[in-house]
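First residue of the sequence shown? That's 1 in the UniProt record's numbering, and the numbers climb one at a time after it.
Ideal Cβ positions, reconstructed from N, Cα and C, are used throughout, including at glycine.
Here the structure is a predicted model, which is why all the values come from computation and not from measurement.
Presented below is the structure to which this report refers.
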Amino acid sequence: MANLPEPPQWEDGIYQIEVSDPVLGGPDGITNRPAKQLASRTLYLKQQVEQGVSDLADHIAADDPHTQYAPKESPTFTGTPTAPTPASSDNSKKLATTEFVARIISALTETVSGKLSQEQNGADIPDPEAFVKNLGLGEGSALPVGVPVPWPSATPPEGWLKCNGATFSSSLYPKLGLAYPSGKLPDLRGEFIRGWDDGRGADNGRSLLSSQGDAFRSHSHNFDRSWGLENFDATAGYDVVTADINGKIVNQPTRSTVSVGGSETRPRNIAFNYIVRAA
1 MANLPEPPQW
11 EDGIYQIEVS
21 DPVLGGPDGI
31 TNRPAKQLAS
41 RTLYLKQQVE
51 QGVSDLADHI
61 AADDPHTQYA
71 PKESPTFTGT
81 PTAPTPASSD
91 NSKKLATTEF
101 VARIISALTE
111 TVSGKLSQEQ
121 NGADIPDPEA
131 FVKNLGLGEG
141 SALPVGVPVP
151 WPSATPPEGW
161 LKCNGATFSS
171 SLYPKLGLAY
181 PSGKLPDLRG
191 EFIRGWDDGR
201 GADNGRSLLS
211 SQGDAFRSHS
221 HNFDRSWGLE
231 NFDATAGYDV
241 VTADINGKIV
251 NQPTRSTVSV
261 GGSETRPRNI
271 AFNYIVRAA
């Protein structure tokens with residue numbers, strides 16, 4: 001006795017044996033047809049269930065079985081994800097799209113009192129001078145604090161002091177205190193500034209900020225003179241005499257140079273008011 005063949009396929013219907021059907025056995029016999037169809041259905045369903053169990057096990061074991069979905073916790077989106085843009089008045093937990101954010105920022109900036117317009121490029125700043133000063137970009141800001149500068153006016157600009165030997169507050173001007181630790185400015189009134197020797201040997205023995213008086217360079221003067229005697233009687237005896245440059249015997253008078261010139265030796269110059277950046 002043999003078993004019916006069971007092809008694993010889905011049978012859409014099960015044949016009903018009619019009263020008029022002859023009794024006919026065998027694999028394709030009409031009597032065995034309903035049993036064969038039921039057996040095929042059963043095997044098909046069994047294989048589908050087994051495959052589903054296997055796929056479900058692989059799905060559960062996978063780290064990211066749904067690659068087409070973003071994780072619920074700390075999702076990382078790829079591509080260009082989009083979302084509905086909420087209304088400007090929406091304060092729910094909906095996603096804030098870039099369109100929503102740009103709209104809100106524009107509404108905020110355009111309604112702020114005293115706002116500065118980007119299109120004006122700073123032209124609408126109420127007090128440009130104070131603004132520049134607050135940025136540390138005031139007059140002479142490119143120069144380091146402590147640098148003396150010739151100024152053509154008796155009054156220095158704001159943030160500057162005269163180089164007149166006065167003391168200053170290092171707590172009020174800390175950067176100036178770094179340049180002049182003594183807390184006293186150099187007195188440059190009526191003075192020339194000279195480059196520090198720094199080991200060159202042209203002006204030995206000088207320290208920074210030291211003063212120096214005026215002086216002539218060491219030198220000497222030479223001149224030639226011819227001497228002679230006029231109507232000299234050698235038999236008459238003589239006293240010690242001197243002669244002038246013409247050879248005539250004369251008495252030796254006291255001579256001196258005439259005092260002319262100024263109180264110092266100086267080059268040509270123009271007077272400026274030396275000032276120093278204080279802050």
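Bridge partners - residue i, DSSP secondary structure assignment
i, result
"L161", "V276"
"W151", "N273"
"K46", "Per DSSP, none; premise fails for K46."
"D187", "N164"
8 Å Cβ cutoff met for residue i and residue j
i, j, result
"L185", "W196", "no"
"G183", "V276", "no"
"A278", "L95", "no"
"D127", "S117", "no"
"A70", "F77", "yes"
"I17", "P34", "yes"
"D198", "G165", "no"
"T97", "T80", "no"
Selected residue, minimal CA-CA separation from residue i, among the options
i, options, result
"A39", "I14, G52, D55", "I14"
"G190", "G26, A130, Y274, K72", "Y274"
"D21", "T31, P27, D12", "T31"
"L176", "G159, D187, F192, S218", "G159"
"P148", "Y180, D28, W10", "Y180"
"C163", "Q48, F272, A123", "F272"
"P144", "Y173, T167, T85", "Y173"
"G26", "S218, P75, A2, A57", "A2"
"I193", "P65, P150, S171", "P150"
Same chain only: Cβ atoms within 8 Å of residue i, ignoring 5 sequence neighbours per side
i, result
"S88", "F100, R103, I104, A107"
"S153", "N273"
Beta-carbon proximity list for residue i, same chain, < 6 Å, skipping 5 on both sides
i, result
"K36", "L4"
"N269", "none"
"E11", "Q37, S40, R41"
"T67", "none"
"R206", "D197"
"V19", "none"
Same chain only: Cβ atoms within 7 Å of residue i, ignoring 5 sequence neighbours per side
i, result
"P75", "none"
"V23", "T31"
"P65", "H59"
Any non-hydrogen atom of the ligand SAM within 7 Å of residue i CB
i, result
"S54", "Although the ligand SAM was asked about, the structure shown includes no ligands whatsoever."
Worksheet entry | Touching by the beta-carbon criterion (3+ pairs, under 8 Å), the region 209–221 and the region 264–279 | yes
Worksheet item: Taking contact to mean at least 3 C-beta pairs separated by less than 8 Å, is the region 5–12 in contact with the region 41–55?
Response: yes
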